[in-house]
Amino acid sequence: MANTGATVDGALNQVHVQQIECLIVLAEELHFGRTAERLGFSPSRASQLVSALERRIGARLVERTSRRVALTRFGAQFVEEVRPAYENLAATFLRARDRAMRGSLRELRIGFNGSVHVQVAEAFRLLRAEHGVTVALSEIPLGSPFSDVVAGRLDATLVELPVHEAGLTVGFRFPPQDRFLAVAADHPSADGGRLHVEDLAGFDLLRPAGEAPDYWRAAQVPPTTPAGAPIRSGTGVSTVQEGLALVAAGEHAMLVCRPLAEEITRADLRCLAVEGLTEPSRLGLLWRTDRTTPQLTALADLLAGVYGP
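The sequence shown maps to residues 12 to 320 in our numbering.
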């Protein structure tokens, strides 16, 4: 059985699509001259293609005389069996070529951190319903917001701004959100409900772990308070859930945006509003500028519609 399979695979490797195409057209025209004219080459080339296919299959497919061309019974059966597969292959190729010419994709690979908000999920649903494009989601490390897009592993990511990287486009900027400090439920500040930005100097804040540029790191976890007091930040985390687990253990705190703070239902955590921060939290949908596609811009437009002006 193994030898037979190897022989079949070897035969298939030697059969060219052009040979199949030539035989199918010949079955319709029953004339090498008209077949060659339809396919754009000489009658001798058409004859060579059919002969090569016959050799690969090991049977005569066409009867040739000086007066007529006809399929053998074996040839007619083969054409009947192979035509649907050829037509499916040709249609698939044409669709792929059309998508390539239009920069079209049937699926977008999107990176995110933590969770996907309800409005974002609605935009993804509309993208599929209105444009026939699905979304494959991948959670990316907190501190590596640009790496997967730059490397081409993802088509776009939903990441915290700012973005100053050359070659990246921010297609949509989400509405700014207030920032909160997640602390353990038994922390002395937990019952206050809010604190001032200068109070951050008294906490050990978790920071995103990864290869993000310094300007981005500083925007997520400021190194000092506005008054210049240093803010400790000695521990890095790769995911939101990792960070929340460490916060609940009582040794750290973590800055989070309002939507995430509202989603946290753990009894061992509290989220305190932070007053006096110079910059709010803000997400962006970003992609490589040289890989902009109609599907990405359509997603950006849908997000704009979902979130409104």
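Each residue gets a CB set at the ideal place from its N, CA and C atoms; glycine is no exception. Please read all numbers here as calculations on a predicted model, not as lab measurements.
Cα-Cα separation, residue i to residue j
i      : j      : result
Gly319 : Leu100 : 43 Å
Pro305 : Gly204 : 45 Å
Gly21  : Ile68  : Residue placement at Gly21 cannot be trusted, given a pLDDT of 49 that sits under 50; what the coordinates show is reported in the next sentence. Whole-angstrom Cα-Cα distance: 11 Å.
Trp227 : Leu288 : 16 Å
Pro270 : Thr103 : 43 Å
Gln29  : Phe52  : 11 Å
Pro186 : Pro241 : 29 Å
Arg218 : Asn124 : 14 Å
Ala17  : Leu64  : Low local confidence applies: a pLDDT of 43 at Ala17 is under 50, so the model's placement there is unreliable, and no value is given.
Leu323 : Phe157 : The requested residue 323 is not part of the displayed model; the chain covers only 12 to 320.
Arg169 : Ile151 : Per the sequence shown, residue 169 should be read as Leu rather than Arg. If you take the alpha carbons of Leu169 and Ile151, they lie about 10 Å apart.
Gly261 : Leu137 : 41 Å
Phe191 : Pro291 : 10 Å
Arg78  : Glu32  : 23 Å
Thr46  : Thr303 : 42 Å
Ser55  : Gly86  : 19 Å
Arg139 : Gly163 : 22 Å
Gly247 : Gly316 : 36 Å
Asp210 : Gln188 : 20 Å
Val127 : Ala272 : 13 Å
Val61  : His27  : 11 Å
Asp301 : Asp159 : 15 Å
Gly221 : Glu92  : 55 Å
Thr250 : Gly154 : 9 Å
Pro199 : Gly245 : 21 Å
Gln252 : Leu307 : 28 Å
Ala215 : Ala195 : Reading off the sequence shown, one finds Asp at residue 215, where the question assumed Ala. Taking the straight line joining both Cα atoms gives about 12 Å.
Identified DSSP bridge partners for residue i
i      : result
Ile121 : Leu148, Ala167
Ser200 : Ser200 is not bridged to any residue.
His207 : Glu286
Val248 : Pro219
Ser292 : Gln188
Trp298 : Thr180
Pro305 : Paired residue(s): none; Pro305 is not in a bridge.
Contacts around residue i, its chain only, beta-carbon distance under 8 Å, and the 5 residues preceding and following it disregarded
i      : result
Val161 : Glu176, Gly178, Leu179, Arg299
Val374 : An answer regarding residue 374 cannot be provided, because it is not within the stretch 12 to 320 covered by the chain.
Leu255 : Ala193, Met265, Ile275, Arg277, Leu280
Glu286 : Arg205, Leu206, His207, Val208
Arg49  : Val36, Glu40
Ala238 : Glu209
Contacts around residue i, its chain only, beta-carbon distance under 7 Å, and the 5 residues preceding and following it disregarded
i      : result
Val90  : Leu34, Ile35, Ala38, Leu82
Pro233 : Ile242
Ala309 : Leu138, His142
Arg94  : Ile35
Gln130 : Val317, Tyr318
Close-in-space but distant-in-sequence residues of the same chain around residue i (CB under 6 Å, 5 per side omitted)
i      : result
Ala96  : none
Ile121 : Val146, Leu148, Ala167
Ser58  : Phe43
Chain B within 8 Å of residue i, Cβ atoms only
i      : result
Asp197 : Here there is only one protein chain, and chain B is not present.
Residue from the options with nearest C-alpha to residue i
i      : options                        : result
Phe43  : Pro233, Val80, Gln88           : Val80
Leu314 : Glu40, Thr76, Glu133, Ser77    : Glu133
Arg117 : Asp166, Ser149, Val93, Val129  : Asp166
Thr236 : Leu206, Glu48, Arg75, Val248   : Leu206
Cys282 : Ala212, Asp202, Asp312         : Asp202
Ala352 : Phe183, Ser155, Glu141         : With the chain covering 12 to 320 only, the question about residue 352 has no answer from this structure.
Ala230 : Cys268, Ser200, Pro199         : Cys268
Gln88  : Arg71, Arg75, Val129, Leu257   : Arg71
His263 : Pro224, Gly213, Leu105, Ala223 : Gly213
Val258 : Asp225, Asp197, Phe135         : Asp197
Any alpha helix (DSSP H) of 4 or more consecutive residues that is wholly inside the segment 20-74: 28-40, 43-50, 54-68
- request: Kindly provide the ranges of any alpha helix (DSSP H) runs that are 4 or more residues long and lie completely inside the segment 247-277, ordered along the chain.
  value: 251-259, 269-274
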